[in-house]
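Notes to accompany the following structure.
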Amino acid sequence: MDSNGFFGNWGGAYIPEVLHQTFQELKKEYDRCRKDPAFWQEYLTLMSTYSCRPTPLTYAENLTRHFGGAQIYIKREDLNHTGAHKANNVMGQGLLVKRMGKKRVIAETGAGQHGMATATMAAKFGLDCTIYMGEEDVMRQRPNVFWMEKMGATVVPVTDGSRTLKDAINEAFRDWVTNVDDTHYVFGTACGPAPFPEMVAWFQSIIGIEAAEQIIQYHHKMPKRVYACVGGGSNAMGIFKRFLDEDGIELVGVEAGGHGAESGAHAIRLSSPDASPGVAQGYKTMFLQDDDGQMKLTHSVAAGLDYVGVSPILSDHWENKRVRFESATDTEVMQALDLTMRLEGIIPALESSHAFAGAFREVGQLSKDDAIIINQSGRGDKDIFTIAHAFEDPSWKKFIIDRGREYSNS
Numbered sequence: 001m002d003s004n005g006f007f008g009n010w011g012g013a014y015i016p017e018v019l020h021q022t023f024q025e026l027k028k029e030y031d032r033c034r035k036d037p038a039f040w041q042e043y044l045t046l047m048s049t050y051s052c053r054p055t056p057l058t059y060a061e062n063l064t065r066h067f068g069g070a071q072i073y074i075k076r077e078d079l080n081h082t083g084a085h086k087a088n089n090v091m092g093q094g095l096l097v098k099r100m101g102k103k104r105v106i107a108e109t110g111a112g113q114h115g116m117a118t119a120t121m122a123a124k125f126g127l128d129c130t131i132y133m134g135e136e137d138v139m140r141q142r143p144n145v146f147w148m149e150k151m152g153a154t155v156v157p158v159t160d161g162s163r164t165l166k167d168a169i170n171e172a173f174r175d176w177v178t179n180v181d182d183t184h185y186v187f188g189t190a191c192g193p194a195p196f197p198e199m200v201a202w203f204q205s206i207i208g209i210e211a212a213e214q215i216i217q218y219h220h221k222m223p224k225r226v227y228a229c230v231g232g233g234s235n236a237m238g239i240f241k242r243f244l245d246e247d248g249i250e251l252v253g254v255e256a257g258g259h260g261a262e263s264g265a266h267a268i269r270l271s272s273p274d275a276s277p278g279v280a281q282g283y284k285t286m287f288l289q290d291d292d293g294q295m296k297l298t299h300s301v302a303a304g305l306d307y308v309g310v311s312p313i314l315s316d317h318w319e320n321k322r323v324r325f326e327s328a329t330d331t332e333v334m335q336a337l338d339l340t341m342r343l344e345g346i347i348p349a350l351e352s353s354h355a356f357a358g359a360f361r362e363v364g365q366l367s368k369d370d371a372i373i374i375n376q377s378g379r380g381d382k383d384i385f386t387i388a389h390a391f392e393d394p395s396w397k398k399f400i401i402d403r404g405r406e407y408s409n410s
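Its first residue numbered 1, the sequence shown is counted upward by one per residue in our numbering.
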C-alpha cells in the first residue's frame with residue numbers, strides 16, 4: 001500500500017471532508033500499533049483466551065479418499081468464538097477503540113457474522129453498539145439478529161436499494177458522519193477507504209500465519225493450493241497474505257456464482273467480464289455496475305458474498321495474476337455442503353461452501369503427494385433456515401409450520 005492508500009491502481013480514501021480528521025486519527029493509531037510488538041502480543045493473548053485461537057487445521061481424510069487427489073486440509077475458522085473469522089478483525093479493532101477512547105461502535109453486516117462479532121466485542125469492552133443490516137439479510141439471518149440483540153446491540157434493518165450489504169454500508173457511513181466524535185465504524189471486510197483494507201487484512205493474517213505452521217507440522221511441506229471464498233475478501237486476504245511471497249503456491253478465490261454467470265443473478269466481480277472499475281463507498285475497486293455507474297443488483301444463496309464490490313487488495317492481485325479467481329453456483333455450493341456434512345461431519349457456512357465447491361472441482365487433478373488448504377471461514381448453524389429450505393427437508397418444514405401455529409395461537 002502506498003502513502004495514499006492505493007494497492008496498485010486500487011483503493012484510496014474517497015471520503016467526505018467531515019471524516020478527514022477521523023481517518024487521520026485512525027491511521028495514526030493503526031500505524032502506531034503496527035510498529036508496536038506489544039500490541040500484536042496483546043492481540044494474540046486476547047484471541048487465545050477469548051476466541052479459541054489457534055484454530056485447528058483438520059485433515060479431511062474421507063473427502064481426500066473420495067476425490068483421490070491431493071490431501072485436503074480445512075482451516076477451521078468456524079471454531080472461533082462467534083463462529084467465524086470475523087472475530088479476528090473485530091477484536092483487533094476493539095483494542096484500537098480502547099486506545100482511541102471511543103465509547104460507541106457501529107457496523108454493517110451481511111451474513112450477520114460480523115454483526116454478531118461486533119456485538120460480542122462491544123459487550124466485552126462495554127461499548128454502545130448499533131448494527132446496520134439489509135432487510136433482506138435480516139430475514140435470511142434471523143438467528144444472528146436474535147443473538148446480536150440479546151447481547152445489547154441495536155439492529156437497524158436497512159430498507160434502501162437491494163436491502164443487502166452495500167445498502168447497510170451506506171447507512172453505516174451516514175451514521176458515522178454525524179457521530180464521529182464518540183463513534184468508531186468497525187468495518188467488517190477488507191474494503192472501504194484506507195486504512196480499512198490494509199488494517200482488516202492485517203488482523204485477519206493470523207489465519208494464514210497459523211495455517212502455514214500447521215501444514216508444515218502435518219504435511220511436512222507447503223500446500224500446492226489454498227482456497228477461500230470471496231465476498232468482500234477478508235477471510236481470503238487473511239489466509240492468502242502469509243502465502244503471497246511463497247513460490248509454487250497457487251491461491252484461489254471463489255466468488256458467488258449465484259444462478260450462473262449467464263443469468264445476471266450473481267456476485268462475480270473478478271472471474272467474469274461483468275464488473276468494471278469504479279469508485280464507491282470510499283474506495284476504488286471492481287464493482288458490478290452498469291454503463292452509468294449505477295450498482296447492479298446481486299444474488300447469492302450466501303448473504304455474506306453478495307456484495308457488489310471486492311477488496312482493492314484482491315483487485316490488485318487479480319490484475320497482477322497472483323490470485324486466480326473462480327466462481328461456484330448456488331447449486332454447486334449446496335452439493336459441496338451436503339458432501340462435507342456427510343463425509344466429514346463438518347457444517348461449513350454457505351459462504352465457506354463456495355471455497356469447498358471450488359476445491360472439489362479441481363482437487364482430483366492434483367497428485368496425492370500434494371496438499372490443499374480450504375479456509376472454512378464460518379460455521380453453517382446460522383444458515384439452517386436457508387439450507388433446510390434448499391434441501392426441502394419435510395421434517396424441518398413441519399417443525400416450522402407447527403411452531404408458527406403455536407405462536408399464532410398464543
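Glycine residues also receive a C-beta, built at the ideal position from the N, C-alpha and C atoms.
Legend entry - Closest residue to Gly248 among Asn9, Ala371, Ala265 (Cα-Cα distance): The residue you call residue 248 lines up with position 248 of the sequence shown. Checked all of Asn9, Ala371, Ala265; the closest Cα to Gly248 is Ala371.
Inset, instruction - State buried or exposed for Pro56, treating a residue as buried only when at least 16 other CB atoms are found within 10 Å of its CB. - result: Looking up residue 56 in the sequence shown gives position 56. Its Cβ having fewer than 16 others within 10 Å, Pro56 is exposed.
Inset, instruction - Select from Gly358, His299, Ile374, Asp274 the residue whose C-alpha is nearest the C-alpha of Ile207. - result: Indexing the sequence shown from 1 puts residue 207 at position 207. If we check each option's Cα against that of Ile207, Ile374 comes out closest.
Inset, instruction - Assuming Met148 and Ala119 form a contact by the criterion Cβ under 8 Å, report the distance between their Cβ atoms to the nearest whole angstrom. - result: For the purposes of this step, residue 148 is identified with residue 148 of the sequence shown, where counting begins at 1. For the purposes of this step, residue 119 is identified with residue 119 of the sequence shown, where counting begins at 1. Contact flag correct, Cβ pair sits at about 4 Å.
Inset, instruction - Could you tell me which of Ser377, Lys397, Thr386 sits nearest to Ala84, measuring between CA atoms? - result: Counting from one through the sequence shown, the residue named residue 84 turns up at place 84. When each option's Cα is compared against that of Ala84, the closest is Ser377.
Legend entry - Length-filtered (4 minimum) alpha helix (DSSP H) runs lying within the stretch 362-409: 384-390, 394-409
Legend entry - For Ala336, three-class secondary structure by DSSP: Position 336 of the sequence shown, counted from the start, is the residue given in the question as residue 336. Ala336: helix per DSSP, three-state reduction.
Inset, instruction - Return the CA-CA distance between Leu165 and Gln141, expressed in angstroms with no decimal places. - result: Counting from one through the sequence shown, the residue named residue 165 turns up at place 165. Counting from one through the sequence shown, the residue named residue 141 turns up at place 141. Roughly 12 Å between the two C-alpha positions.
Legend entry - Ser48 (DSSP reduced to helix, strand or coil): As a first step, residue 48 must be located in the sequence shown, where it is residue number 48. It is helical.
Inset, instruction - Work out the CA separation of Ile401 and Glu250 for me, nearest whole Å. - result: The residue given as residue 250 occupies position 250 in the sequence shown. The residue given as residue 401 occupies position 401 in the sequence shown. Taking the straight line joining both Cα atoms gives about 47 Å.
Legend entry - Beta bridge counterpart(s) of Pro277 as assigned by DSSP: In the sequence shown, residue 277 corresponds to position 277, counting from 1. In the DSSP output, where bridge partners are listed per residue, Pro277 has Met286.
Legend entry - Coarse secondary structure for Gly258, derived from DSSP in three states: As a working note, residue 258 is residue 258 in the sequence shown. Here Gly258 sits in strand by DSSP.
Inset, instruction - Flag this pair as yes or no: are the beta carbons of Gly278 and Gly293 separated by less than 8 Å? - result: Indexing the sequence shown from 1 puts residue 278 at position 278. Indexing the sequence shown from 1 puts residue 293 at position 293. Their beta carbons are under 8 Å apart, which means Gly278 touches Gly293 by this criterion.
Legend entry - Test: Leu251 CB closer than 8 Å to a CB of chain B: Judged by its chain identifiers, the structure shown contains no chain B, having just a single protein chain.
Legend entry - Where the beta strand (DSSP E) containing Gln71 begins and where it ends: As a first step, residue 71 is located in the sequence shown; it is residue number 71 there, counting from the start. First-last of the beta strand (DSSP E) with Gln71: 71-76.
Inset, instruction - Kindly provide the ranges of any alpha helix (DSSP H) runs that are 4 or more residues long and lie completely inside the stretch 134-165, ordered along the chain. - result: 135-140, 142-150
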